[in-house]
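Visitor: Per my numbering, residue 1 is the first one in the sequence shown, and the count goes up by one each step.
Note that beta-carbon positions come from the ideal geometry of N, C-alpha and C, so glycine has one too.
Nothing here was measured: the structure is a model prediction, and the numbers come from that model.
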Amino acid sequence: MKFLVLAIVVAMTGIGVSRANSNDDIYRIYLYYDHGKLTFDRDVISKVVIAHGWESFSSGDFKAEIIDKDGEILHSVKFDPRLRGIMEDVGGFVLEQSKTALDLLYFPEGAMLKVYDPSDVLILEYDISYLSTCNQNSVCESFYGEDTSTCPLDCKDAVLGGVSGKADSDMLSWLWLVVTIVTTGGLIFVLWKLWRKHVGQQSLP
């Protein structure tokens, strides 16, 4: 064999487009590239998932954007969806038909993924709001995982006296528990008094 394939970037190898720590959440977008055309991978159910870890990437002419519900661009990157291998005698080659995965930084308020081709034409769009932990409704909702770290937009006014929105929410939960216990106890006491009064009246001659 004239040449030896030393390494091939196999299918589903991630294309990371920003630096991230291994513990950071990322969006992983499953794509299929075919001679200049880019589509979502039809073989996976969820086209976009939250994952951990990070893969290296190559800059290119395609563009991906993460948008919030108000249409503001949270993140925009250029990338090359083509996978690459290394050959001993030619110094490298590009796979013009392959599956791949694009890694993007996760944003709790992310609502829409948009991908543009090299001519800046929108070719892919995907609703990622179901992966969001920050719905930007100006209410700090700890039930949905919102706090000052995951949703500073909704919980920015929740930091009072060094107490975070999450702590305030926990305190409110305890307060409701106390109110419920006191109310239930009071109701039981009233019913007990009425029962005693009824029994006392029945015992009279």
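Around the C-beta of residue 110, are 16 or more other C-beta atoms found within 10 angstroms, so that it is buried, or is it exposed?
Guide: Buried: at least 16 other Cβ atoms inside 10 Å.
Visitor: Classify residue 150 as buried or exposed, calling it buried when 16 or more other Cβ atoms lie within 10 Å of its own Cβ.
Guide: So residue 150 ends up on the buried side.
Visitor: Are the CB atoms of residue 122 and residue 116 nearer to each other than 7 Å?
Guide: A contact, by the Cβ cut-off of 7 Å.
Visitor: By the three-class DSSP mapping on this structure, what secondary structure does residue 130 have?
Guide: Helix, per DSSP.
Visitor: Is it right to say residue 62 is buried, meaning 16 or more other beta carbons lie within 10 angstroms of its own, or is it exposed?
Guide: It counts as buried.
Visitor: Which of helix, strand or coil does DSSP assign to residue 139?
Guide: Looking at residue 139 - three-state DSSP - the assignment turns out to be coil, as it is neither helix nor strand.
Visitor: Could you give the residue range of the alpha helix (DSSP H) that holds residue 154?
Guide: From DSSP, the alpha helix (DSSP H) with residue 154 extends over 152 to 155.
Visitor: Classify residue 76 as helix, strand or coil using the three-state DSSP reduction.
Guide: Strand at residue 76.
Visitor: State the DSSP-derived secondary structure class of residue 47, mapped to helix, strand or coil.
Guide: Reduced to three states, the DSSP call for residue 47 is coil.
Visitor: With distances taken Cα to Cα, identify the nearest neighbour of residue 75 among 142, 139, 27.
Guide: Minimum Cα distance to residue 75 is reached at 27.
Visitor: Which of the three DSSP states, helix, strand or coil, is assigned to residue 180?
Guide: Helix at residue 180.
Visitor: Looking at the structure shown, is residue 197 part of a helix, part of a strand, or coil, going by DSSP?
Guide: Three-state result, residue 197: helix.
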